[in-house]
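Residues in the sequence shown are numbered from 1326 upward in steps of one, following the working numbering.
Have a look at the structure below before the remarks.
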Amino acid sequence: MLRSAQLKGILPAIPTPVHADDTIHTDAARALLRYLLGQGIDGVVPLGGTGEYGALSRAERVRMAELTAQEVEGRDVPVIAGVLDPGYHDAIAAGRDFAAAGVDGLLVLTPYYTNPTQAGIRDYFLRYADESPVPILIYEIPYRTRIAIAPEVLHELSRHENIIGMKACNTDMWHFLRTVAGVDESFAVLSGEDSLFPLHVAAGARGGIVVTASLLPTAWQRIFTLASEGKTAEAIALHRSLIPLMNLAFAETNPGPMKSVMDLIGVDAPAMLAPLVPAAPALSADLRTELKKQLAIFEGR
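Below you can see the structure in the form of structure tokens.
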């Protein structure tokens, strides 16, 4: 059973390589996972927003969960699958399917569109945790869901034995500081913001679910090591060197730009799922140039 102590370091949020017919590109997916595992990642998060969860068919989501679990099997690398359904019954059904496919934990998104109250959010996660066959992490990303979870609610939820952590994508640092100050000691807060990662670690995050770590895991591991050792200024300086890459990677909706250059790490599957489209050629070219530069620095390529 996945424990909160295992939630630390760098856990890349990975894209879902697909064919033109919207099915999983198995070879490319395995190539991505082998690349990341070879770089010593601490966990892997398929089927989040970066994984285009909402655009994949239900069957392909389960295939991706199963493929990821198979590739990681036998390693101390937790697989935490995203669950991004807006309604409880679809969300718990997806979680059960992913657990049966072999994942270790679930990253469960705040229910959206219905605009629930804080009491509704609290009850939703408590019910999900009671019924989930594997431990869950809360996924708070208010700039997508349009609703934040109050720190006091997160404090209460952190004390449920089957809620072991969260991906924090609230860009309000005051909210983050108040959240970390009151969660249970057993609860792992993970940064979900590439842009704020070293600050989140300095403020108490145990690591992060990082999008661009799929491209540059070594760079993010160095930033984490520095930040976790209290070398915050050095971590920020190294993080600053990645700002051009982050600006380009997120200049259009993720993961379009990132998918367009992943052939540089041996993952040639640039196809996107509707309604997303491939990155603009000029943007892709600029990102390719920047990624080549960073790979030369961090991997000696």
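All C-beta atoms, glycine included, are put in the ideal place defined by N, C-alpha and C.
Endpoints, beta strand (DSSP E) assigned at ARG1492: On the sequence shown, residue 1492 is found 167 positions in, with the first residue counted as 1. As written in the sequence, residue 1492 is Lys, which differs from the Arg given in the question. Element bounds for LYS1492: 1488–1493.
Coarse secondary structure for ALA1576, derived from DSSP in three states: The sequence position of residue 1576 within the sequence shown is 251, counting from 1. Here ALA1576 sits in coil by DSSP.
Beta strand (DSSP E) runs wholly inside the stretch 1423–1502, at least 3 long, in chain order: Taking only runs of at least 3 residues, the beta strand (DSSP E) segments lying wholly in the stretch 1423–1502 are 1430–1434, 1461–1465, 1488–1493.
Sub-8 Å separation of SER1516 and MET1571 beta-carbons: Within the sequence shown, the letter at position 191 stands for residue 1516. Within the sequence shown, the letter at position 246 stands for residue 1571. No, the Cβ-Cβ distance between SER1516 and MET1571 is not below 8 Å.
Terminal residues of the alpha helix (DSSP H) in which LEU1540 lies: Your numbering for residue 1540 matches position 215 in the sequence shown. That residue, LEU1540, is in no alpha helix (DSSP H); it is neither H nor E in DSSP.
Extent of the continuous alpha helix (DSSP H) to which ILE1650 belongs: No answer is possible for residue 1650: it lies beyond the span of the chain, which begins at 1326 and ends at 1626.
Nearest-angstrom beta carbon gap, MET1491 and VAL1465 [assumed within contact, 8 Å]: In the sequence shown, the residue the question calls residue 1465 occupies position 140. In the sequence shown, the residue the question calls residue 1491 occupies position 166. Note that residue 1465 is Glu in the sequence shown, not Val. Contact flag correct, Cβ pair sits at about 6 Å.
Limits of the beta strand (DSSP E) - the one that ILE1405 falls within: The residue labelled residue 1405 in the question sits at position 80 within the sequence shown. That run of the beta strand (DSSP E) goes 1405–1408.
Pairwise C-alpha distance: VAL1369 and SER1457: Taking the sequence shown and counting its residues from 1, the one referred to as residue 1457 is at position 132. Taking the sequence shown and counting its residues from 1, the one referred to as residue 1369 is at position 44. Going from the Cα of SER1457 to the Cα of VAL1369 covers about 20 Å.
The stretch 1534–1544 contacting the stretch 1351–1370, beta-carbon criterion three pairs below 8 Å: Output reads yes: the stretch 1351–1370 touches the stretch 1534–1544.
Span separating the alpha-carbon of ALA1513 from that of GLY1529: The residue given as residue 1513 occupies position 188 in the sequence shown. The residue given as residue 1529 occupies position 204 in the sequence shown. Distance between the alpha carbons of ALA1513 and GLY1529: 9 Å.
Extent of the continuous alpha helix (DSSP H) run through LEU1524: The residue you call residue 1524 lines up with position 199 of the sequence shown. 1522–1527 is the extent of the alpha helix (DSSP H) around LEU1524.
ILE1417 vs ARG1388 beta-carbon contact at 8 Å: Working through the sequence shown from its first residue, we reach residue 1417 at position 92. Working through the sequence shown from its first residue, we reach residue 1388 at position 63. In this structure, ILE1417 sits away from ARG1388, with a CB-CB distance that is not shorter than 8 Å.
Contacts around ILE1489, its chain only, beta-carbon distance under 8 Å, and the 5 residues preceding and following it disregarded: Position 164 of the sequence shown, counted from the start, is the residue given in the question as residue 1489. Closer than 8 Å at the Cβ level, and outside the excluded window around ILE1489, lie LEU1327, ARG1328, SER1329, LEU1332, GLY1430, PRO1460, ILE1461, LEU1462, SER1511, PHE1512, ALA1513.
CA nearest to the CA of SER1483, picked from VAL1508, PHE1501, ALA1380: Along the sequence shown, read from residue 1 onward, the residue named residue 1483 stands at position 158. Out of VAL1508, PHE1501, ALA1380, the CA that lies nearest to the CA of SER1483 is found in VAL1508.
Integer-rounded CB distance, given that ALA1356 should sit under 8 Å from VAL1592: Translated into the one-based positions of the sequence shown, residue 1592 becomes position 267. Translated into the one-based positions of the sequence shown, residue 1356 becomes position 31. That belief holds up - the Cβ atoms of VAL1592 and ALA1356 are roughly 5 Å apart, short of 8 Å.
Where VAL1592 falls: helix, strand or coil (DSSP): Here the question's residue 1592 lines up with position 267 in the sequence shown. In the structure shown, the three-state DSSP call for VAL1592 is coil.
Contact under 8 Å by Cβ, ILE1472 with ASN1440: If you number the sequence shown from 1, residue 1472 lands on position 147. If you number the sequence shown from 1, residue 1440 lands on position 115. Yes, these two residues count as a Cβ contact at 8 Å.
Closest residue to VAL1433 among ARG1383, GLY1374, PRO1606 (Cα-Cα distance): Along the sequence shown, one-based indexing puts residue 1433 at 108. Of the candidates ARG1383, GLY1374, PRO1606, GLY1374 places its Cα closest to the Cα of VAL1433.
Delimiting residues of the beta strand (DSSP E) encompassing GLY1534: For the purposes of this step, residue 1534 is taken as residue 209 along the sequence shown, with counting starting at 1. The displayed chain sequence assigns Ile, not Gly, to residue 1534. First-last of the beta strand (DSSP E) with ILE1534: 1532–1535.
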